[in-house]
Structures are given as C-alpha cells and as structure tokens.
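Step one of this worksheet: look at the structure below.
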C-alpha cells in the first residue's frame, strides 16, 4: 500500500469523485428521456428474455440522520398502503409494453424500509410483480432488512414469496455512535433478525457497515466488525459515510467536528478490511468483502462481476427496471429515473403515465467508457483488446484514452500491451483512476469523498 503521504500527494484525501454505479452518473440525467422513450425501450426487450427488477419503498418508521436516500417518515400503515396501490398500477403500465415470456432473474426491494410493509402487503406486492413477470428458475430475490422493523410474520411472508437473499443494514454497533447518527440498533436485535432469516432457510446474507462515522475510531470499528463477523454474513459492503448535508438536510443533525479526517477514514477502512481478510473473506472491488463460496466471489473470480445501482452484483441482465418513486432503470438504450417526490410519482401514475422524470440516452462512446470504468472498479484492470472486440472497434482509440494517466497519477497503474492494471497499493485510488476515463464534466459537491 502506498503510504499516506504518497496518497495525499495523489489527491486521495481531497478529491470527491463518483461511485460510478452508472455511467454517465445520475447528475447528468436530464429531461430528454421521458415516458415515451421508456415505453419504447420496454417494448424492445426481447420476448422470452430475463430482466432484473428493483422496487423502491421510500417509507421509514424513523428517519436515520446519516442517510441520504429518498425516504420519508410515517407512523401509520395508511401512506404505505396507498403507495403500494400506485406501485401496482405502475407495474400494470409497464406490463402493457412487455413482450411475452419475460421472466425476472433478480428482484430486489430497497428503500427506505421495505420491511415496514405488513405481511398482507408483502404478499399483495409480490403477487402483482409476478403477474407482470414471474421469477425465472434459480432467480435471486433479495430484500433490505431493518432488524428494528422485522418480525416472524413478515419473515414468513417474505419467505413464502420466495426471498432467498437478505441484506441487513448494520452501520455500526457502538451505542454512542448509533445515537449520534439517529440509528439505534442493538447487536442482540440484529442477531435475532439473522437467526430468524436462517431459521427460514435464507442462507445468503449480506450486511452493510459504515466507516467514517462521527466519533468512530480504530477501537470502535474493530469491535463493530468483530461482532458483525460473528454473525457470519456471506457478503459485506464496507461503505464510506458520505457527509453531504447540503443535499441531505437531516445530516445537519450530525456534528461535523466529530467526523474523522480523511486520513483517519482511510485508517478505519484499512482496519476493517484487515479484520475481514483475517476472517477468510476476499476483497471484492473497492468496498465489498465476500466468503469464497458466495456468488459475488465466484463472479469476481470468473471475471463476470458487474456494477449497478445496488453496487457490485453477479447480475448479468442487460435490463434493470426500477419501480417506485426515484427508482432508476437501465436499458440497453440508456437510463431513466422516476419522479423522486412521492406526490409527483403518485400523480403521474394515477394519470396513467409511466412516471419518468429524467434520464440519459446513450450516445457516442458512452457504453464503451462505461464498460472500461466498470472493469476497473470490478477487476482493478481492463483489457482494451477485449473491450474493443466486445464493441467491434479497434484497441488503439481505447488505449489513447489512457494517455496522460501515468503523468496525472504516477506509479498507480501498469500498462502491458493492451492491458491496464491498477497496482495493488493503489487500489484506494481506483475511483480517481476511473475518473480519468469519464468524458463528462463533474461538480465535485455532488459526490462523496474518494476515501
């Protein structure tokens, strides 16, 4: 690993760069993509093919202060029930444009707190989804689980619907840090959720944990990671907390002076990484860890891992259809995002319209650059000859994209023939290196710290 002085000189501690879960990134989405374009894109999905589906449930019982997602609080089930009726109507709108025989390869419920839904709501929603398109054989159905918001009845409903992978948000187990970020969640409550999932034969378990939280230090993150490892998740996302109070107003409740400095953030990441590796996990890309038998680890080894709005995935579907307020879809032709505000989303659907607010139609070399960036963040390497063959072009123009990289970030990459590799000690700079292949202008205030 490069020492901190070298990383500082290369800009790691100052830069704000995209996470590149899409390319171009969401700030570049514009109003040129609307309901008409998306209807046409849905209609071009080949009959008999498999797609992925994401469903956004924006409601939470309590709003966590650290969160920058599109969410809203509710004390009752009534707003959730009304929202689900709109979701079902959106599913029917999309189904009108789909060819016969389409199945779902990956289904994911995110939020918000999807487990806020009552058992009958879960059955109703999944039934409506499968009316649009059934699950494919061997499909993956995952749900984000809030351990504070789950019980036996909801676990039974999810298992009956076909849940076979669960993602549990942990953030941090330290009670003082939990209080400061507005997310009380004891280890005991989390363990009970894990045991409830395993009791229903849901063996594939993901967990999210954050570094860079207020008051977090090496001792606290060590304790939290060791507790998480004791629960035996198959896969862990080790995300850096993104403090963007100008975008997420609730983050103004978090004391800025208690946040670790960039150099301290890197030390926290390194300590957590060390613990996961010692426990037998493999590092997957820039911020994931997985047991060798996990599907993501297998996909990484095979070179088939991908990156989308859920982060790293073994999902190889060319189409990801997002349903719900603010949900983003990816088609071979481009991206489309639904109305972010729940009220506008509901109004559009009730008017019989696909609720698309903006997006981006691929043009020029968008797809090609997207693939280069994806390979760098998935594999820490890219073979320009392979990319050229995939896109039926010549390697030379692709190699030209790498010109200036060594001068800008000396000692971070190796170019051998047509293969560019990020050196192991420079992995923390992967997003900055990927930025070199991004042709779009960037407003740094809209992105998270590079570390």
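In our numbering, the protein residues as written are 18 to 468.
Note that the Cβ used here is the ideal one computed from N, Cα and C, for glycine as well.
**Asked** Are there 16 or more other CB atoms within 10 angstroms of the CB of residue 457, so buried, or fewer, so exposed?
**Response** exposed
**Message:** What does the alpha-carbon distance come out to for the pair residue 330 and residue 87?
**Reply:** 22 Å
**Message:** DSSP three-state label for residue 162, please.
**Reply:** strand
**Message:** Output needed for residue 439: all residues of its chain with C-beta closer than 8 Å, excluding positions within five of it in sequence on either side, in chain order.
**Reply:** 393, 397, 398, 429, 430, 446, 447, 450
**Asked** Can you find at least 3 beta carbon pairs, one from the segment 168 to 184 and one from the segment 125 to 140, that sit closer than 8 Å?
**Response** yes
**Request:** With residue 32 as the anchor, note down where its alpha helix (DSSP H) starts and where it stops.
**Result:** Counting along the chain, residue 32 falls outside any alpha helix (DSSP H), and DSSP gives it neither H nor E.
**residue 367 - DSSP class collapsed to helix/strand/coil** = helix
**Request:** May I ask you to verify whether the segment 261 to 274 touches the segment 80 to 96, counting CB pairs closer than 8 Å and requiring at least 3?
**Result:** yes
**Prompt:** What is the residue span of the beta strand (DSSP E) that residue 433 lies within?
**Reply:** 430 to 433
**Request:** With DSSP as the reference, please indicate the residues paired to residue 257 in a beta bridge.
**Result:** 228
**Asked** Looking only at C-alpha atoms, which of 235, 301, 55 sits nearest to residue 336?
**Response** 55
**Request:** With a cut-off of 8 Å on the beta carbons, I'd call residue 375 and residue 50 a contact; round off their distance for me.
**Result:** 6 Å
**Message:** By the DSSP assignment, the alpha helix (DSSP H) with residue 69 in it spans what residues?
**Reply:** Note, residue 69: premise wrong, no alpha helix (DSSP H); beta strand (DSSP E) at 67 to 74.
**Prompt:** What residue range is occupied by the uninterrupted alpha helix (DSSP H) comprising residue 173?
**Reply:** 169 to 178
**Item:** One or two residues paired with residue 125 in a DSSP bridge
**Value:** 71, 159
**Request:** Spatial neighbours of residue 222 within its chain, please: CB distance less than 6 Å, with the 5 preceding and 5 following residues excluded, ordered by chain position.
**Result:** 183, 250, 251
**Message:** Can you look up residue 296 in the DSSP assignment and give me helix, strand or coil?
**Reply:** coil
**Prompt:** Taking residue 286 as the reference, which of 273, 272, 305 has the closest Cα?
**Reply:** 305
**Request:** Please report the Cβ distance between residue 342 and residue 75, rounded to the nearest whole angstrom; I am assuming they are in contact, meaning their Cβ atoms lie under 8 Å.
**Result:** 5 Å
**Touch test, the segment 373 to 391 against the segment 343 to 356, Cβ-Cβ under 8 Å, three pairs minimum** = yes
**Item:** The beta strand (DSSP E) enclosing residue 437, as first and last residue numbers
**Value:** 436 to 439
**Message:** At the level of alpha carbons, what is the spacing between residue 281 and residue 212?
**Reply:** 34 Å
**Request:** Run the proximity test for residue 382: is its beta-carbon closer than 7 Å to any non-hydrogen atom belonging to the ligand ATP?
**Result:** In the structure on display, the ligand ATP does not appear, and there are no ligands present to speak of.
**Asked** Per DSSP, what kind of secondary structure is residue 305 in: helix, strand or coil?
**Response** strand
**Prompt:** Got a sec, what are the start and stop residues for the alpha helix (DSSP H) residue 457 sits in?
**Reply:** No alpha helix (DSSP H) contains residue 457, which DSSP labels as neither H nor E.
**Prompt:** residue 476 and residue 224 look like a contact to me (Cβ under 8 Å); what is the Cβ gap, rounded to whole Å?
**Reply:** With the chain covering 18 to 468 only, the question about residue 476 has no answer from this structure.
**Prompt:** Can you name, in chain order, every residue of its own chain whose Cβ lies under 8 Å from the Cβ of residue 47, other than the five neighbours on each side?
**Reply:** 375, 376, 377
**Item:** Contacting residues, own chain, Cβ-Cβ under 7 Å from residue 202 (five flanking each side not counted)
**Value:** 164, 165, 195
**Element boundaries [alpha helix (DSSP H), containing residue 388]** = 383 to 396
**Selected residue, minimal CA-CA separation from residue 228, among 131, 395, 259** = 259
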